[in-house]
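Below is one structure, written out as structure tokens, with a few remarks after it.
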Amino acid sequence: IFGGLDGIINSFSIISGAAGGNLSWQVLLILGFSNILADALSMGAGEFLSSQAHNDYILAEKRREEWELHNHRDSEINEMIENFTKRGMSREDAVDVVHKMARYEDFFVNLMMNEEMGLQEPGNREEVMKEGLLMFVSFALFGILPLMVYMIYPTINPTISNSTMFTIACMVSIFLFFVMGAVKSKYSTRCWWASGVETVCLGCACAAVAYEVGSLVNWLLQI
245 IFGGLDGIIN
255 SFSIISGAAG
265 GNLSWQVLLI
275 LGFSNILADA
285 LSMGAGEFLS
295 SQAHNDYILA
305 EKRREEWELH
315 NHRDSEINEM
325 IENFTKRGMS
335 REDAVDVVHK
345 MARYEDFFVN
355 LMMNEEMGLQ
365 EPGNREEVMK
375 EGLLMFVSFA
385 LFGILPLMVY
395 MIYPTINPTI
405 SNSTMFTIAC
415 MVSIFLFFVM
425 GAVKSKYSTR
435 CWWASGVETV
445 CLGCACAAVA
455 YEVGSLVNWL
465 LQI
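In the numbering used here, the protein residues as written are 245 to 467.
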């Protein structure tokens, strides 16, 4: 969802900047596709590298917790007992439960990581690669959609004006923003239409800034 939304915002901003700068649709397509694909690759690689770095950090913390359990077992067990009693468990029950869990060292280490640092055992390298690939595909796929206006309409109607294509691209992008915002509401407490309207406003604000910057640069170049 978020990779796709970033792709649409990026694409619509490029289109708006090109419209503000009065660039031809041919130039817009060159800038749009090169930028979308490069950004998609950057986003995918960034997702992979950041996830890999986070997983390496978690594994390093797990090794540290394993060392502490092996070398300071009583201290670690008592720490977990204190955590459980603070949550309302009686000390007798906490002692019983923690000592039973401590028999399973790998499970107990993962429990300590979650209780003390809020860390979950990471997935394998293949899962991290899938996350990066998913980010790349979603960003590129959704980012290309607004640009399709400039590929399809000149073929259908070679005399169509840039302003007309920009208007159509705006409508397509607004529709996509609303749909993505509505879908995003499934992962939040907001209602679907409010999330959709909010996403439309955010995307249009970014595009408006890009349009004004394009207009300003075009005006400065003509001085």
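Virtual Cβ for every residue (Gly too), placed ideally from N, Cα, C.
Just so we're clear, the structure is a prediction, and the values are computed from it rather than from any experiment.
* Asked: Mind checking A297: buried by the 16 CB within 10 Å criterion, or exposed?
  -> For the purposes of this step, residue 297 is identified with residue 53 of the sequence shown, where counting begins at 1. It is exposed - the Cβ of A297 has fewer than 16 other Cβ atoms within 10 Å.
* Could you check what DSSP says for Y301 in three-state terms: helix, strand or coil? => In the sequence shown, counting from the first residue as 1, residue 301 sits at position 57. Looking at Y301 - three-state DSSP - the assignment turns out to be helix.
* Asked: To the nearest angstrom, how far is it from the Cα of E456 to the Cα of I259?
  -> For this step, residue 456 is matched to residue 212 along the sequence shown. For this step, residue 259 is matched to residue 15 along the sequence shown. Whole-angstrom Cα-Cα distance: 12 angstroms.
* Are the segment 439-449 and the segment 420-429 in contact at 8 angstroms, needing three or more beta carbon pairs? -> yes
* Asked: With a Cβ-Cβ cutoff of 8 angstroms, do S417 and P390 count as a contact?
  -> Position 173 of the sequence shown, counted from the first residue, corresponds to residue 417. Position 146 of the sequence shown, counted from the first residue, corresponds to residue 390. Yes. Within cutoff.
* To do: Could you pull out every unbroken alpha helix (DSSP H) segment of at least 4 residues lying fully inside the segment 303-348, listed in chain order?
  => 317-330, 335-345
* Identity of the residue in M409, L313, D300 nearest N368 by Cα -> Residue 368 sits at position 124 when you count from the first residue of the sequence shown. Checking every option, the nearest Cα to that of N368 belongs to D300.
* Presumed contact (8 angstroms Cβ cut-off) between E320 and E312, rounded CB distance -> Counted from its first residue, the sequence shown places residue 320 at position 76. Counted from its first residue, the sequence shown places residue 312 at position 68. Indeed, because the Cβ distance is near 6 angstroms, the residues count as touching under 8 angstroms.
* To do: Please check the pair M357 and E309, which I expect to be a contact at CB under 8 angstroms, by giving their CB distance rounded to whole angstroms.
  => What you label residue 357 is simply residue 113 of the sequence shown in a count that begins at 1. What you label residue 309 is simply residue 65 of the sequence shown in a count that begins at 1. Yes, M357 and E309 are in contact; Cβ-Cβ is about 6 angstroms, under 8 angstroms.
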